[in-house]
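Comments concern the structure below.
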Amino acid sequence: MTRLDERGAREQNRRSWNAVVPTHESHRAGQAAFLAAGGLTVFPEERRLLGELSGRSLLHLLCNAGQDTLSLASLGARATGVDISDAAIERAAALAAESGIAAEFVRADVYDFLTDATAAGRRFERVYCGYGAICWLHDLPAFAAGVAALLAPGGRFALVEFHPTSNMFDPGWRLAQPYPAGGAPLSLEGVGDYVGAAAGGLSPSGYAPGVAGFVNPEPCHLFRWGLGEVVSALAGAGLRLVELHEYCYVNGERPFERMRAGEGRRMYPPDDVPAIPLMYGLAAERATSDEPGGPSPAARAGG
């Protein structure tokens with residue numbers, strides 16, 4: 080894709096997300112009360128990778144409708160959520176007001192936000208994104224450089240993501256695609272109703288039948304990256320990898336047929352399917368100001 084095509088694809092993705100957000104939210108009952116009472120939508124994996132949150136400034140990129148951002152804020156973070164979707168950010172701001180949990184929400188393209196926030200001198204002690212975030216990034220090195228530039232010295236980036244290996248299989252567990260690589264573009268009919276398909280796995284506050292039979296009228300455009308490319312982009316931006324884990328289960332979602340529900344909203348393959356990594360999680364840190372060596376993240380922020 081050319082740069083112009085990439086911008087156009089991102090704008091089309093904004094329209095696709097705007098179309099699906101109301102359907103996703105229709106399946107989540109009692110969210111505000113759940114969050115206000117201390118309920119959390121985040122999973123143990125991202126909490127552990129992020130580390131201590133109390134009093135820490137935290138940036139949640141591609142935050143969707145803000146449930147996870149508000150959960151991290153309720154754990155003590157001073158949280159800012161960013162998403163390209165107007166509908167998602169409107170819902171996030173409303174949910175913050177309804178739950179009484181303080182957080183800042185910004186409607187912006189992620190690349191524009193990284194550039195503008197770096198120019199404004201903003202810094203965060205924690206940066207987080209995950210669960211279907213990497214596939215929306217057309218320029219992985221530029222994203223990694225932007226994250227590194229916004230991290231305070233000693234700050235940590237955490238990512239929990241669907242494993243690229245899982246993208247090689249169709250819903251019936253048949254090997255159907257080559258291993259993702261190179262940011263290869265993939266066009267789909269539109270963002271689907273994965274919240275409804277999860278049947279409660281992504282709505283810990285309570286599941287509602289909500290909208291049925293949703294068909295997204297707006298197509299979307301994804302980009303396929305391998306795990307090694309993600310790690311290499313972070314390393315190339317001057318970040319130090321401190322943890323990398325692969326998980327043979329999925330949190331919340333049901334991307335394949337016949338998945339077995341486990342504790343804590345974890346979903347496992349059926350007994351006749353060998354265990355394969357379905358998610359991964361990593362943490363990478365920016366050096367403290369007195370640590371020598373490595374390239375300057377700020378110098379790389381322009382991509």
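Counting from 1 along the sequence shown, just add 79 to a position and that's the residue number in our numbering.
Virtual Cβ for every residue (Gly too), placed ideally from N, Cα, C.
The residue from 306, 367, 115, 135 with its alpha-carbon nearest to that of residue 204 is 135.
Pairing residue 220 with residue 365 gives a Cβ-Cβ distance that is not under 8 Å. Annotated three-state conformation of residue 136 is strand, per DSSP. Linking residue 300 to residue 88 through their CA atoms gives a straight-line distance of about 6 Å.
Of 259, 215, 107, 128, the smallest CA-CA separation from residue 308 is found for 259.
Per DSSP, reduced to three states, the secondary structure at residue 162 is strand. Secondary structure in the stretch 215–271: the alpha helix (DSSP H) runs of 4 residues or longer, each lying completely within the stretch, are 219–229 in chain order. Here the alpha carbons of residue 159 and residue 226 stand approximately 14 Å from one another. Between residue 253 and residue 344, the alpha-carbon positions lie close to 24 Å from each other. When the five nearest sequence neighbours on each side are left out, the beta carbons in the same chain lying within less than 6 Å of the beta carbon of residue 168 are those of 162, 184, 186, in order along the chain.
Relative to the Cα of residue 194, the nearest Cα in the group 222, 177, 283 belongs to 222. Rounded to whole angstroms, the separation of the alpha carbons of residue 236 and residue 142 is 15 Å. When DSSP states are grouped into helix, strand and coil, residue 294 belongs to the coil group. Using a 10 angstroms sphere on the CB of residue 282, the tally of other CB atoms reaches 16 or more, which defines it as buried.
Within the same chain, and ignoring the five residues on either side of residue 263 in sequence, the residues whose Cβ sits closer than 8 Å to its Cβ are 302, 303. When rounded, the separation of the alpha-carbon atoms in residue 202 and residue 272 is 34 Å. Between residue 329 and residue 357, the CB-CB gap stays under 8 Å. With a threshold of 16 other beta carbon atoms within 10 Å, residue 84 falls short and is exposed.
The stretch 323–371 is shown to contain no whole alpha helix (DSSP H) run of 4 or more residues. Per DSSP, residue 190 is one residue of the alpha helix (DSSP H) stretching across 189–198. With 16 or more other Cβ atoms inside 10 Å of its own Cβ, residue 240 counts as buried. Between residue 349 and residue 337, the CB-CB gap stays under 8 Å. With respect to residue 339, residue 326 sits apart: the two C-beta atoms are not nearer than 8 Å. Rounded to the nearest angstrom, the Cβ distance from residue 107 to residue 362 is 28 Å, too far for a contact under 8 Å. For residue 185, the enclosing beta strand (DSSP E) covers residues 183–186.
Pairing residue 274 with residue 315, the inter-Cα distance amounts to about 35 Å.
Residue pairing from DSSP leaves residue 103 without any beta-bridge partner.
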